[in-house]
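K.L.:
Residue numbers (numbering that gives the first Met the number 0), protein chains in the order written: chain C, 0 to 431; chain G, 0 to 400.
Ideal Cβ positions, reconstructed from N, Cα and C, are used throughout, including at glycine.
Okay, here's the structure, questions in a sec.
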Amino acid sequence: MDLDHARIRIEDLREKSDFPFAPLEGVGPNLAGWGVIETCLLLPESVAIMAGPSACLRHSAFMAHARGFTERFYMLCVEELDMTMGNHLPKVERGMADILARRDEKVAFLIVGCPDYILGTDFTGVINRLEASTGKRIILGAMAPITIGLKESPFTSAYTSFFEFLKHEKREPKDDRLNLLGTFMPLSASGELYRVLAEAGLDDVLQIPLCPDLETFAGMAHGRASVVMHPLANGLSGKLQSEMGIPTCFAPTAYGFSTIREQYGLIGEAVGRTLSIDTTEADAVEAARPMLDVLRGKTVAVGCGINGSPFELALFLADNGVNVETLFARGTIKPYEWGLIERLRAAKPDIMVYNASHPALCGRTEPFDHVEVAYGVDAGIFCVNAANVPLSRYQEQKYGYEATLWMLDQTMDALEHPVANYDWIYGHDFLI
Amino acid sequence: MKEYHHLLPLATGYFGVSSALYDFEGLVVVYGPAGGAWHINIEDEPRWYRGPATVVGAGLLEMDVILGNDDKFIDNIVKTAEGLNRRFVALSGTPISEIIGTDLKGFARTIESRTGLPVFMVPTAGSEPYPEGASKAFLALADKFMDPDAPGLGNGVNVLGAIHLSTGKEAHLGPLFDILREEGFWLMSTFAGLVPGLSDPLESVRNAPGAAVNAVISTSGLALAERMFADYGIPFVVGMPVGLAGCNAFMAMLRGEEPPAPDRPDQAAPQRHALVIGEPVMSYGLKHCLIHDFGIPRVDVIRVTPSQALFRESPGRSGLLAERGPHDRDSDGEAEIAALMNDPSVDLIVADPCYRPLTNGSAVFVDLPHVAMSARIHWDMDYDYIGEPGYDYLASHLLDD
Chain C
0 MDLDHARIRI EDLREKSDFP FAPLEGVGPN LAGWGVIETC LLLPESVAIM AGPSACLRHS
60 AFMAHARGFT ERFYMLCVEE LDMTMGNHLP KVERGMADIL ARRDEKVAFL IVGCPDYILG
120 TDFTGVINRL EASTGKRIIL GAMAPITIGL KESPFTSAYT SFFEFLKHEK REPKDDRLNL
180 LGTFMPLSAS GELYRVLAEA GLDDVLQIPL CPDLETFAGM AHGRASVVMH PLANGLSGKL
240 QSEMGIPTCF APTAYGFSTI REQYGLIGEA VGRTLSIDTT EADAVEAARP MLDVLRGKTV
300 AVGCGINGSP FELALFLADN GVNVETLFAR GTIKPYEWGL IERLRAAKPD IMVYNASHPA
360 LCGRTEPFDH VEVAYGVDAG IFCVNAANVP LSRYQEQKYG YEATLWMLDQ TMDALEHPVA
420 NYDWIYGHDF LI
Chain G
0 MKEYHHLLPL ATGYFGVSSA LYDFEGLVVV YGPAGGAWHI NIEDEPRWYR GPATVVGAGL
60 LEMDVILGND DKFIDNIVKT AEGLNRRFVA LSGTPISEII GTDLKGFART IESRTGLPVF
120 MVPTAGSEPY PEGASKAFLA LADKFMDPDA PGLGNGVNVL GAIHLSTGKE AHLGPLFDIL
180 REEGFWLMST FAGLVPGLSD PLESVRNAPG AAVNAVISTS GLALAERMFA DYGIPFVVGM
240 PVGLAGCNAF MAMLRGEEPP APDRPDQAAP QRHALVIGEP VMSYGLKHCL IHDFGIPRVD
300 VIRVTPSQAL FRESPGRSGL LAERGPHDRD SDGEAEIAAL MNDPSVDLIV ADPCYRPLTN
360 GSAVFVDLPH VAMSARIHWD MDYDYIGEPG YDYLASHLLD D
């Protein structure tokens, strides 16, 4: 199977149907992250209980253990025949009751898999009875990859379900409070965004992964605005805006100076304050210059395993004279990325975009032997000779110009002290 | 219904199919959503890394299930198999295909007629133990490729059941291959991977009926051994030759001799009551070693996959390296295993490291990875179990210097 089946020049990538179709799901080192379980367990004082065939449970268990959620994650094995007949409902109910009797958490997520999703199993009675008998909130969710690309993803649904714990709050807006949504690894309080916000008088920032309890989390209902750092949180922020009147802006992790300036502008609009970033930007441009000098002239590939959009990073690099030659992407290009693609098309039309799931890529590394720097562990799989810079969302969450400098620092470090792609993947669980 | 908290549920049927067929240059299509095959590759199939990724997913989506887009998937499989120039296609079922009743056998017939390739389906779902999937895959492979007229070889041996989910990296089997060679056997097929010195794994499958004896080293090879006895009259020996005494006994059985009485161990381990947790054949090999090489008086076995086939009377079985004890049991239940591990009299546990969180820490714990439990987490761990290297590994944990 020719590689031409798996790729397209970016100048020809104008709409979703142009993206190379993968007849079967091949290597696919691009599906990692933002699992349903880790999304659910962001909510403080919660426990997740997954019910389904053991094959499906095994997949989620890897993620839960790798992310350190073992203590808050349970699995109930269900046979396919029981599911088809609906015989699993009393078993799931009994199993959940047993688990919840041993736990102090106030919220339990009941997560089911594709089979229950397809069968349309009705858990209403189970949930109502469990809520009555345990006094805890039970929220139904699905770990259902069968829904990928068709509708709101199960991850987004899980994140959006957090609204249930905000909607009953009597909103009393606080002038200095801001909600940061869409972070898993929390932004550091000593980081750039906190400093920029504090200078504008916004020194009460709430992030879900830092909320110790539901009461603190409920304080988001009183935020003056929400900033969304990952599309995953758009559902929740949308509800906060439409049903509680909390302004929101979408300003995802980015690396390009101009994009970052635009995003700070959006945040400023949402909070109704002017954010002072001129000095920060000037310092960053100065600090970045020598590192971009090193990178300029090198051949680069960007994968979709990075924190942020591969098209945005590629655009920044290309605008700064770096030879971005290859992109590894997936077909679920996000709406905001089409604008980036258009700009990238104008900047460097010959970039080749590969569908990282295409079976034609299985075991193919020789076309990428000359690549010198690969961003994302998915790109690193194919680019065997490249210095691999994972930029994983599981390393550190940076924002603003700080993210750009961190990316460049990581690049310099990888060039001087390369770490094997295998070690990134298996030593750090970056592909789960 | 089993409950898990600290443990991973064991690999299931289609993981076993992948493990059995991975090295044969075929295309294994896991008929479910993309996530199913992806997770096998990322976690359970470490051979995937930068390799040809034999296992692919069908990429099933909700509307495909609702509308029954069978033609589309048949087209996609045909296109991919031909495009990648694969030597066969295997279709493996998932919980989704099981629940909606996808006619994978019909798929297989259609794809075979359109491609001219050998195509077979392996009926798996998502809850069965992985050896069941591997066992069915071996039988299907044998049906398609074994040559009934393969020339006989008086010292030929097939090693059956050598799937990585049970036995780990192929390198762990190196000592067995060495000993077989030293004993004058000619390794004809491992039926799940390359035979050292032979470049075409399917050729070794074709030649397998010419063997004089089969060595079954995990339960996933039992059904194939029985089939080969029924069809070709090849007797088989079941066991994993762990340590020194086990190796001697196993080789004697392969030669058709009575196993020699084990020598008293040069140095006995201080432990008195051991618990071995794992795949049945491997676990009984460990038990034999702990008793006869290290003098441990009581060794109980928890078989985490079904052991019924191991102990059933079978006309072709000429040797069995498994001594069933009164306290042994089949169980993969987390609570039951935890209770047995924390029995105060248990002073030694040999198991996959994933079981450690279940103990109170009072017993000596020897790591013996079981890939069907821990997948690639302990794939690169330095350990051995067969023959002298296996003895040395266990001795390093059990004996004082």
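Please state if the CB of G/Val241 and the CB of G/Ile385 are separated by a distance shorter than 8 Å.
P.N.:
Yes, these two residues count as a Cβ contact at 8 Å.
K.L.:
Using a C-beta cutoff of 8 Å, does G/Ala10 count as contacting chain C?
P.N.:
With a threshold of 8 Å between beta carbons, G/Ala10 makes contact with chain C.
K.L.:
Counting along the chain, where does the alpha helix (DSSP H) carrying C/Arg6 start and finish?
P.N.:
Not the alpha helix (DSSP H): C/Arg6 falls in the beta strand (DSSP E), residues Arg6 to Arg8.
K.L.:
State buried or exposed for G/Asp327, treating a residue as buried only when at least 16 other CB atoms are found within 10 Å of its CB.
P.N.:
buried
K.L.:
Count the other CB atoms, across all protein chains shown, that sit within 10 Å of the CB of C/Lys397; report buried if there are 16 or more and exposed otherwise.
P.N.:
Its Cβ being crowded by 16 or more others within 10 Å, C/Lys397 is buried.
K.L.:
Hey, which unbroken runs of the alpha helix (DSSP H) at 4 residues or more fall wholly within the segment 291–375 of chain C?
P.N.:
309–318 and 336–346
K.L.:
Can you name the residues that DSSP bridges to C/Phe72?
P.N.:
C/Ala47
K.L.:
Establish whether the CB of C/Tyr254 and some CB of chain G are separated by less than 8 Å.
P.N.:
no
K.L.:
Taking buried to mean at least 16 other C-beta atoms within 10 Å of its own C-beta, is C/Phe20 buried or exposed?
P.N.:
With fewer than 16 other Cβ atoms from the protein chains shown falling within 10 Å of its own Cβ, C/Phe20 counts as exposed.
K.L.:
Decide if the segment 65–82 of chain C is in contact with the segment 159–179 of chain C; the criterion is three or more beta carbon pairs, one per stretch, under 8 Å apart.
P.N.:
Taking one beta carbon from each stretch, the segment 65–82 of chain C and the segment 159–179 of chain C have fewer than 3 pairs nearer than 8 Å; the two do not touch.
K.L.:
Mind listing which residues of the segment 81–114 of chain G have their C-beta closer than 9 Å to chain C's C-betas, in chain order?
P.N.:
Glu81, Gly82, Leu83, Asn84, Thr93, Pro94, Ile95, Glu97, Ile98 and Ile99
K.L.:
Tell me where the alpha helix (DSSP H) around G/Leu175 begins and ends.
P.N.:
Start and end: Gly173 to Glu181.
K.L.:
Would you mind reading off the limits of the alpha helix (DSSP H) that contains G/Met227?
P.N.:
Leu221 to Tyr231
K.L.:
Applying the 10 Å Cβ sphere with the 16-neighbour rule, what's the burial state of C/Ala47?
P.N.:
buried
K.L.:
Taking beta-carbon pairs under 7 Å, can you tell me which members of the segment 166–194 of chain G lie near chain C?
P.N.:
none
K.L.:
Can you list, in chain order, the residues of its chain whose CB lies under 7 Å from that of G/Glu169, leaving out five sequence neighbours each side?
P.N.:
Gly192
K.L.:
Beta-carbon within less than 6 Å of C/Glu324's beta-carbon, same chain only, minus the 5 sequence neighbours each way: which residues are those?
P.N.:
Thr298
K.L.:
Starting from C/Met82, find everything on chain G with Cβ-Cβ shorter than 9 Å and list it in chain order.
P.N.:
Pro94 and Ile98
K.L.:
For the beta strand (DSSP E) containing C/Ser152, list its first residue and its last residue.
P.N.:
Where C/Ser152 is concerned, there is no enclosing beta strand (DSSP E), given that its DSSP letter is neither H nor E.
K.L.:
Report, in whole angstroms, the separation of the C-beta atoms of C/Ala359 and C/Val388, which I expect to be a contact under 8 Å.
P.N.:
Actually they do not touch by this definition, with Cβ atoms about 25 Å apart.
K.L.:
Mind listing which residues of the segment 51–62 of chain C have their C-beta closer than 7 Å to chain G's C-betas, in chain order?
P.N.:
Pro52, Ser53, Ala54, Cys55, Leu56, Arg57, His58, Ala60 and Phe61
K.L.:
Can you tell me whether DSSP reads C/Met406 as helix, strand or coil?
P.N.:
helix
K.L.:
Can you tell me whether G/Met340 is buried or exposed? The criterion is at least 16 other CB atoms within 10 Å of its CB, across all chains shown.
P.N.:
buried
K.L.:
Ordered along the chain, which non-local residues of its own chain (more than five positions away) have a Cβ less than 7 Å from that of C/Asp174?
P.N.:
Arg223
K.L.:
Apart from the five residues on each side of it in sequence, which residues of its chain come closer than 6 Å, Cβ to Cβ, to G/Gly183?
P.N.:
Asn154
K.L.:
Pull up the DSSP beta-bridge partners for G/Thr11, would you.
P.N.:
G/Pro128
K.L.:
Taking Cβ positions, are C/Glu168 and C/Ala217 nearer each other than 8 Å?
P.N.:
yes
K.L.:
Assuming C/Arg479 is part of the alpha helix (DSSP H), what are its boundary residues?
P.N.:
In the structure as shown, chain C begins at 0 and stops at 431. Residue 479 of chain C is therefore absent and cannot be evaluated.
K.L.:
For G/Val303 and chain C, any beta-carbon pair shorter than 8 Å?
P.N.:
no
K.L.:
Check whether chain C comes within 8 Å of G/Pro51, counting only Cβ atoms and requiring the distance to be less than that.
P.N.:
yes
K.L.:
Should the segment 41–48 of chain G be regarded as contacting the segment 367–383 of chain G, the criterion being three or more beta carbon pairs within less than 8 Å?
P.N.:
yes
K.L.:
For G/Gly100, which of helix, strand or coil comes out of DSSP?
P.N.:
coil
K.L.:
With 8 Å set as the bound, which would you pick, yes or no: does the beta-carbon of C/Lys173 sit closer than that to a beta-carbon of chain G?
P.N.:
Taking a beta-carbon distance threshold of 8 Å, C/Lys173 does not count as an interface residue toward chain G.
K.L.:
Residues of chain G with a CB under 8 Å from the CB of C/Pro185: which are they?
P.N.:
Under the 8 Å cutoff, chain G gives no residues; its nearest Cβ is about 26 Å from C/Pro185.
K.L.:
Determine which residues share a DSSP beta bridge with G/Trp185 and list them.
P.N.:
DSSP lists G/Gly155 as partners of G/Trp185.
K.L.:
Determine, using beta carbons only, whether C/Ala359 comes closer than 8 Å to chain G.
P.N.:
So, interface residue.
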